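Anchor point for the sequence shown: position 29 equals 70 in my numbering, and the numbering is continuous, going up by one each time. In what follows, a structure is listed as structure tokens, so that the remarks can point back to it.
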Amino acid sequence: ELTEMSKMILKGSQLCETLENTVKFVVIEDTSAGHSNSVGGQLSNLCIKCSAVAQGFLMWATERISTYEFSSSAAYPYSAPGILSLSRIITTHHPLLREYVIDIALTFLDHSN
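Spelled out as structure tokens, the structure:
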């Protein structure tokens, strides 16, 4: 039987997998407003509630953005804001994950070179 934590991690993993095929996603910081039906909204909600899911998202994002193909893709201008926004939200709720977010920000800065 899966624990509640296991279910959240599994759902977060599935949502990140869905983002692989999504060009754009919108994140939300206020999960009480009931706007969490979208993929970005659901992932935002899970990342806020569970640091393990947040860390998993950051690991996924780091892997995704670290290739040249991503920075030169048509999806870059649409998915980059979602990745950066959710990373910022994660730092406000899980300060111990800031090092991962800094690495993501530096990777995006490197794309401009």
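Where a beta carbon is used, it is the ideal one built from N, C-alpha and C, also for glycine. In this text, all values refer to a predicted model and were calculated from it rather than measured experimentally.
Cα-Cα, which of the options is closest to residue i?
i	options	result
K48	I130, V94, F66 and V68	V94
S92	V64, S79 and S128	S128
S107	Q96, D151, I89 and E70	D151
I131	S79, R105, Q96 and L43	Q96
L161	F98, V64, F111 and L51	Residue 161 is absent from the structure shown; the chain starts at 42 and stops at 154.
Kindly indicate which three-state DSSP category residue i falls into: helix, strand or coil?
i	result
A102	helix
T63	coil
E70	coil
Would you say residue i and residue j are within 9 Å of each other, going by their C-beta atoms?
i	j	result
G123	G81	yes
L51	L84	no
V64	Y109	no
L60	W101	yes
Counting along the chain, where does the alpha helix (DSSP H) carrying residue i start and finish?
i	result
T59	E45 to L60
T133	Y117 to H134
L137	Looking at the DSSP string, L137 is not in any alpha helix (DSSP H), and its letter there is neither H nor E.
C88	V80 to K90
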